[in-house]
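In this note's numbering, the protein residues as written are 2 to 97.
First up is the structure itself, then whatever we jot down about it.
And the structure:
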């Protein structure tokens with residue numbers, strides 16, 4: 002299943018890997034704009050995970066939105082790894 006990455010401040014990328022997510026995290030950490038955000042989704046948008054600079058996350062699963070506050074950037078990385086590995090059950094359990 003193809004995944005894409007979209008940054009609020011630039012063009013999107015298709016067929017991404019974890020290195021693309023890590024680059025987006027590095028960019029958002031350096032931003033002055035506290036409203037910067039990026040998200041990763043599956044090609045059919047069945048699963049979407051969005052993060053902003055304040056570590057607020059939104060996960061959309063089959064049209065249902067779950068709001069989550071991550072503790073740190075390492076947790077954000079782990080959640081994106083689950084999404085990219087298509088371990089959707091573990092992702093849902095982690096953000097409950």
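Yeah, the Cβ is synthetic: ideal placement off N, Cα and C, and Gly gets one too.
Alpha-carbon spacing of residue i relative to residue j, whole angstroms
{"i": "residue 44", "j": "residue 3", "result": "5 Å"}
{"i": "residue 96", "j": "residue 61", "result": "11 Å"}
{"i": "residue 79", "j": "residue 11", "result": "24 Å"}
Three-state secondary structure (DSSP) of residue i
{"i": "residue 68", "result": "strand"}
{"i": "residue 9", "result": "coil"}
{"i": "residue 92", "result": "helix"}
{"i": "residue 58", "result": "strand"}
{"i": "residue 20", "result": "helix"}
{"i": "residue 30", "result": "helix"}
Cut-off 7 Å between Cβ atoms - residues of its own chain near residue i, not counting five sequence neighbours on either side
{"i": "residue 84", "result": "41, 48, 50, 92"}
{"i": "residue 87", "result": "2"}
Unbroken alpha helix (DSSP H) run spanning residue i, endpoints
{"i": "residue 74", "result": "74-85"}
Pair within 8 Å by beta-carbon distance, residue i and residue j
{"i": "residue 69", "j": "residue 22", "result": "no"}
{"i": "residue 9", "j": "residue 39", "result": "yes"}
{"i": "residue 29", "j": "residue 54", "result": "yes"}
For residue i, the first and last residue of its enclosing beta strand (DSSP E)
{"i": "residue 51", "result": "48-53"}
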